[in-house]
Amino acid sequence: MPCLLQYYKCANGTLTEELCEHGLLYDGKGNVFDNCNYHWAVNCDGRYSDGMVPHSDVVPHSDVVPHTGGACEYDFGIFSAGACETYYRLCEHGVPLDYPCTAGLAYDERIHACNWPDLMLETCKPERKLR
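In full-length UniProt numbering, the protein residues as written are 1 to 131.
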């Protein structure tokens with residue numbers, strides 16, 4: 001499946017063209033908002049969206065430019081609050097909300113979830129988090 005920002009929806013016999021919100025891509029599963037999912041979670045032709053090939057008949061993901069300031073890189077997304085932070089930032093409609101990781105964990109950008117600091121040695125010094 002190619003990575004798409006737009007998709008078609010048929011409801012009550014009416015076909016409409018829909019567009020995923022900023023930072024989301026269509027995957028048909030509707031995991032985040034209106035049939036769209038976080039761009040990093042969408043499998044595009046056997047690979048995830050970080051290196052997508054644009055298609056001439058669709059709006060390619062590469063046309064979605066991250067915001068250059070503020071707390072949200074995209075209007076929808078999960079973001080690190082900084083290297084080895086014990087919380088992460090969830091953005092919905094461009095509004096940031098901070099959520100804590102479970103005690104002892106730090107947010108890991110590689111897996112988009114909280115993780116043990118000793119499994120993140122390239123970005124985190126566990127001894128600093130254990131104090």
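Built from N, CA and C at the ideal position, the CB exists for glycine as well.
Please determine, among Phe79, Asp34, Pro66 and Leu5, the residue with the shortest C-alpha to C-alpha distance to Cys44. With respect to the C-alpha of Cys44, the residue from Phe79, Asp34, Pro66 and Leu5 having the closest C-alpha is Leu5.
Minimum C-alpha distance to Ala83 - residue among Asp108, Cys10 and Thr14: That would be Asp108, whose Cα lies nearest to the Cα of Ala83.
Looking at the secondary structure, which residues open and close the beta strand (DSSP E) in which Cys114 lies? It spans Ala113 to Asn115 - the beta strand (DSSP E) in which Cys114 sits, taken as one unbroken run.
Same chain, Cβ closer than 7 Å to His22, neighbours up to 5 away in sequence not counted: Beyond the five residues adjoining it in sequence on each side, His22 comes within less than 7 Å, by CB distance, of Val64, Tyr74, Asp75 and Phe76 in the same chain, given in chain order.
Assigned secondary structure, Pro126 (DSSP; H/G/I helix, E/B strand, else coil): Reduced to three states, the DSSP call for Pro126 is helix.
Between the C-alpha atoms of Asp98 and His112, what's the straight-line distance to the nearest angstrom? Rounded to the nearest whole angstrom, the C-alpha separation of Asp98 and His112 is 14 Å.
Closest by C-alpha distance to Cys3, when choosing among Trp40, Lys125 and Thr123: A check of alpha carbon separations from Cys3 across Trp40, Lys125 and Thr123 identifies Trp40 as the nearest.
Evaluate Asp27 with the Cβ neighbour count: other Cβ atoms within 10 Å of its Cβ, from every protein chain shown; 16 or more gives buried, anything less gives exposed. Asp27 comes out buried.
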